[in-house]
Amino acid sequence: MKKQLFILAVILSMASGCSDNKKAVENEVPNNTLSDFDHKETQYYSNGRRLYKTICQNCHMENGEGLGRLIPPLAKSDFLTKNRADLPRILKYGLHGPITVNGVEYNQPMPANPKLTDIEVAEILTYIGNTWGNGIGSFTTEEVITSLSEKE
Numbered sequence: 001m002k003k004q005l006f007i008l009a010v011i012l013s014m015a016s017g018c019s020d021n022k023k024a025v026e027n028e029v030p031n032n033t034l035s036d037f038d039h040k041e042t043q044y045y046s047n048g049r050r051l052y053k054t055i056c057q058n059c060h061m062e063n064g065e066g067l068g069r070l071i072p073p074l075a076k077s078d079f080l081t082k083n084r085a086d087l088p089r090i091l092k093y094g095l096h097g098p099i100t101v102n103g104v105e106y107n108q109p110m111p112a113n114p115k116l117t118d119i120e121v122a123e124i125l126t127y128i129g130n131t132w133g134n135g136i137g138s139f140t141t142e143e144v145i146t147s148l149s150e151k152e
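Just so we're aligned: the sequence shown equals residues 1 to 152 in the UniProt record's numbering.
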């Protein structure tokens, strides 16, 4: 019963908002139905959504579409798919230098987020990986720890 109430709360929080945000909310629906997630994934997704809004949304926008040719999109991003193993390091330590996302080159530095815990990195990436048409799935803390321990 608690799981069903939690899932309902997540769905309602995603669906709520002003009518101006209707398109953004529709684009934010996870690729998997929440019933496909286990309890841990649902919790990671929900926490990741909250953290994304606090940490990432100012640059990558509410709908994950980025900012023109300045900030790359996270929505339907081929970069995420091709670089899954590197994403925890990029999120925590930042990124400098040119990258190509969906055929467009971007060269704006991404700031580091060194205060994020391993679980927060996994939560944010679980949210991004299951939203806006991305098909990279959920992240575990173990996967994040492994990625962060690897040298670039």
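Here a beta-carbon is modelled for each residue, glycine too, at the ideal position from N, C-alpha and C.
Model, not experiment: these values are computed from the prediction.
- Under the DSSP assignment, T117 falls outside any beta strand (DSSP E); it carries neither an H nor an E label.
- L51 sits in a helix when the DSSP states are folded into three classes.
- Taking all protein chains in view, the Cβ of T42 is crowded by 16 or more other Cβ atoms within 10 Å, so the residue is classified as buried.
- For the 8 Å CB-CB criterion, E105 and P98 form a contact.
- In the pairwise beta carbon analysis, the stretch 46-54 is classified as not touching the stretch 78-88: fewer than three pairs are separated by under 8 Å.
- CA-CA distance, G103 to P73, rounds to 11 Å.
- Contact between K92 and L116 holds, with the beta-carbon distance rounding to 6 Å and staying under 8 Å.
- Going by DSSP, I99 is part of no alpha helix (DSSP H) but of the beta strand (DSSP E) stretching over 99-101.
- Burial state of P88 is buried, judged by a 10 Å Cβ sphere holding 16 or more other Cβ atoms.
- Per DSSP, reduced to three states, the secondary structure at I71 is strand.
- Where E142 is concerned, the enclosing alpha helix (DSSP H) starts and stops at 141-149.
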